[in-house]
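To keep things clear, I will list the structure first and then write my remarks on it.
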Amino acid sequence: RGPRELAGMRFLVSAGPTYEDIDPVRFVGNRSSGRMGFAIAEAAAHAGAAVTLVAGPVALATPAGVERVDVRSAREMRAAVLARTASNDVFIAAAAVGDFRPQAALPQKFKKGGAALELALVENPDILAEVAALPARPFVVGFAAETENVEAHARDKLERKRLDLIAANQVGAGLGFERGDNALLLLWPGGREELPRADKRELARQLLARIAHLRAARSGTH
Ligand code: C5P
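Quick note: the sequence shown uses UniProt numbering, first residue 175, plus one each step.
Here's what the structure looks like:
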């Protein structure tokens, strides 16, 4: 079982990629498998927490005891998350939210015919930063997938988005996305912990233990 402190806590977890429609048959997406977020949801439920999982389009089974809300685009994910922040103690943003979406989805399939298809992309809302800026907010955990200078970029993200904890990982070259294992660097204001390469389920347990520890320290029970 996971850390005992998690029993009775309410977790909101986002997972997977987002898909942004170009036309009725095409989309802009990314290579997130959703496995890290699903592993976190599973581990939290196993440890006795109440878990709501907001999932982008992934081919994964819902972990036992987890309430699942399926979404497709970043804007759908934002609405699903914001509707639930007030009723949760911890928000873990493991989703790889698309940073951009086509300005307007075409109503009909775009037909080829020699002309270039030009896509104007506009920025999506930053769900994590928005939740962290709420006046009454849960404990907020973000992820940072970086290809270089992992610690510096993640520390910057932690501070800029005013997070309580960030889990950073190096992606590319056989690391991170589309894999069953990973390695994480946890950073929080005033601390750090390296979680060496392990199965995503094991990493999820270690991440939850750190969250329990930080929350307990904050409420003065440790
Ligand atoms: O800034 P960057 O996208 O690298 O930050 C990654 C973190 O922010 C992840 O936790 C991800 O879930 C979250 N995020 C978000 N909304 C976005 C982009 C990222 O919630 N539009």
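C-beta: ideal position from N, C-alpha, C; glycine also.
Note that the coordinates shown come from a computational prediction; the quantities given were computed from them, not determined experimentally.
I'd like the span of the alpha helix (DSSP H) that includes residue i, first residue to last.
i      : result
Asp197 : First-last for Asp197: Glu194 to Asp197, but that is the beta strand (DSSP E), not the alpha helix (DSSP H).
Asp373 : Not the alpha helix (DSSP H): Asp373 falls in the beta strand (DSSP E), residues Gly365 to Asp373.
Glu325 : Val324 to Arg334
Ala253 : Ala248 to Leu256
Trp260 : As written in the sequence, residue 260 is Ala, which differs from the Trp given in the question. From DSSP, Ala260 is part of no alpha helix (DSSP H); its letter is neither H nor E.
Ala217 : Arg209 to His220
Considering residue i, what are the terminal residues of the beta strand (DSSP E) in which it resides?
i      : result
Arg178 : Unbroken run through Arg178: none, as it is neither H nor E.
Leu359 : Asp355 to Trp362
Leu186 : Arg184 to Ala189
Phe284 : Looking at the DSSP string, Phe284 is not in any beta strand (DSSP E), and its letter there is neither H nor E.
Glu297 : Leu295 to Glu297
Arg311 : Per DSSP, Arg311 belongs to no beta strand (DSSP E) and is neither H nor E.
Ala269 : Taken as a continuous stretch (DSSP letters only), Ala269 belongs to no beta strand (DSSP E), as it is neither H nor E.
Glu241 : Val240 to Asp244
Val200 : According to the sequence displayed, residue 200 carries Arg and not Val. First-last of the beta strand (DSSP E) with Arg200: Arg200 to Val202.
Ala224 : Ala224 to Ala229
Ala342 : Leu339 to Gln344
If residue i sits next to residue j, beta carbons under 8 Å apart, how far is it from one beta carbon to the other, in whole angstroms?
i      : j      : result
Ile196 : Leu293 : 7 Å
Arg187 : Ile301 : Note that residue 187 is Val in the sequence shown here, rather than Arg. Val187 to Ile301, Cβ: 12 Å. No contact.
Val264 : Ala254 : With a Cβ gap of about 16 Å, Val264 and Ala254 do not count as contacting.
Arg334 : Asn298 : About 17 Å; that fails the 8 Å criterion.
Phe212 : Leu234 : 5 Å
Phe185 : Val225 : 5 Å
Leu360 : Arg384 : 6 Å
Ala219 : Ala238 : 7 Å
Label residue i either buried or exposed according to how many other C-beta atoms from any shown protein chain fall within 10 Å of its C-beta, with 16 as the threshold for buried.
i      : result
Lys285 : exposed
Thr321 : exposed
Arg175 : Caution is warranted here: a pLDDT of 47 is assigned to Arg175, below 50, making its placement in the model unreliable, and the coordinate value is therefore given only provisionally. The residue is exposed, with fewer than 16 neighbouring Cβ atoms inside 10 Å.
Asn343 : buried
His396 : Any reading at His396 needs caution, since the residue's pLDDT is 47, under 50, leaving its predicted position unreliable; the model's value is listed next. Exposed.
Gln380 : buried
Asn323 : exposed
Gly316 : buried
Ser247 : buried
Check: Counting pairs of beta carbons, one from the segment 255-275 and one from the segment 299-310, are three or more of them closer than 8 Å?
Finding: yes
Check: Whose CB is closer than 5 Å to a heavy atom of the ligand C5P? List the residues in chain order.
Finding: Chain order is used for the residues whose beta-carbon lies nearer than 5 Å to a heavy atom of the ligand C5P, namely Ala267, Ala269, Val271, Asn298, Asp300, Ile301, Leu302, Gly316 and Phe317.
Check: Can at least three beta-carbon pairs, one atom from the segment 264-282 and one from the segment 198-210, be found at a separation below 8 Å?
Finding: yes
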